[in-house]
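> To convert, take the position in the sequence shown, counting from 1, and add 23; that gives our numbering.
Don't be surprised by glycine CBs; every beta carbon is placed ideally from N, CA and C.
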Amino acid sequence: MRRKLVAGNWKMNGNLAANSALLYELVAAIGHAAPCDIAVCVPAPYLALCQQQLTNTAIAWGGQDLSAHEAGAYTGEVSATMLTDFRSHYVVVGHSERRAMHGENNALVAQKTVRALRAGLVPIVCVGETLSEREAGRTMQVVGDQLNAVLALLEPADLTRIVVAYEPVWAIGTGKTATPDMAQEVHAGLRQLLAAQDALAAAGICILYGGSMKPDNARELMAMADIDGGLIGGAALKSADFLAIIAASSNH
Ligand code: PGA
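As structure tokens, this is what we get:
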């Protein structure tokens, strides 16, 4: 059975005092024993804070993006090794906000995924369709193209080291959630694509759901056969909500 993962995606929120307080509250509540894997993906300036406050706890941390390049004249970018310098475990790759607002295409997302893997990071590879793509019946085509672009660049052994996140764009930050059945259908389709590469590895890959996951819908979503946890935006910013989602991951 796959262990669930609940990962917070803080996006560009908070400040030093508030983010430190949030980490403190999470550690105080979770300590060393957690019902699932837990992570927070924070803005890069707060990685050092995570290292300070989360080392030797059950909460891992990571970035929200990384550069496709190794190092050099790339003003504003953060490299994979800068993330690992601060002991990041995860990095979000190809979030729909990066795809939509920063022009990231499938090829670039695939390169970033490889860069993350080569640095020893676990990439959380995001895929998801827009509302118009869903309404046109193109959901599986779109998420399939997004995932296959990444799979095409991976070595066989990499497959056991990625996390996939299905985040329907129309559900992110909107309060609209995919129903458990809608999400399960896409998750099962994604797992089939992974299985086409390696059936054994596919059975162990964690596929997260993201898009307005909240304490009141997390349990039914995570009860679905192929939903292995959540990538949580808004609800990761309040410790009580994030902790409630973590609690909802158990007993499945
Ligand atoms: P949301 O964001 O939970 O606020 O919808 C999820 C995400 O974008 O990862």
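Quick one, which of Glu243, Gln134, Ser102, Val173 has its alpha-carbon nearest Pro203's?
Out of Glu243, Gln134, Ser102, Val173, Glu243 has the C-alpha closest to the C-alpha of Pro203.
> Leaving out five residues on either side along the sequence, give the residues of the same chain with a beta carbon under 8 Å from the beta carbon of Ile250.
Pro203, Ala206, Gln207, His210, Ile230, Leu231, Tyr232, Leu244, listed in sequence order.
> In whole angstroms, what separates the C-alpha of Leu177 from that of Leu213?
Rounded to whole angstroms, Leu177 to Leu213 spans 16 Å at the Cα level.
> Consult DSSP for Tyr97 and reduce its assignment to one of helix, strand or coil.
Of the three classes helix, strand and coil, the one that applies to Tyr97 here is coil, per DSSP.
> Put Thr53 into one of helix, strand or coil per three-state DSSP.
The amino acid occupying residue 53 in the given sequence is Ile; Thr does not appear at that position. Here Ile53 sits in helix by DSSP.
> Quick test of the definition: if touching needs 3 or more C-beta pairs under 8 Å, does the region 77-93 touch the region 137-144?
Yes, the region 77-93 is in contact with the region 137-144.
> Closer than 7 Å to a non-hydrogen atom of the ligand PGA - does that hold for the CB of Ser262?
No, since every heavy atom of the ligand PGA falls outside the 7 Å radius drawn around the Cβ of Ser262.
> Here's the rule: buried if 16 or more other CB atoms are within 10 angstroms of the residue's CB, otherwise exposed. What is Ala219?
It is exposed - the Cβ of Ala219 has fewer than 16 other Cβ atoms within 10 Å.
> Taking the CB atoms as reference points, tell me whether Trp84 and Val115 lie closer together than 8 Å.
No, they are not a contact pair.
> Using a Cβ-Cβ cut-off of 7 Å (strictly less than) and excluding sequence neighbours within five positions of Ile268, which residues of its own chain qualify?
Val29, Met236, Pro238, Ala241, Gly253, Ile255, Ala258, listed in sequence order.
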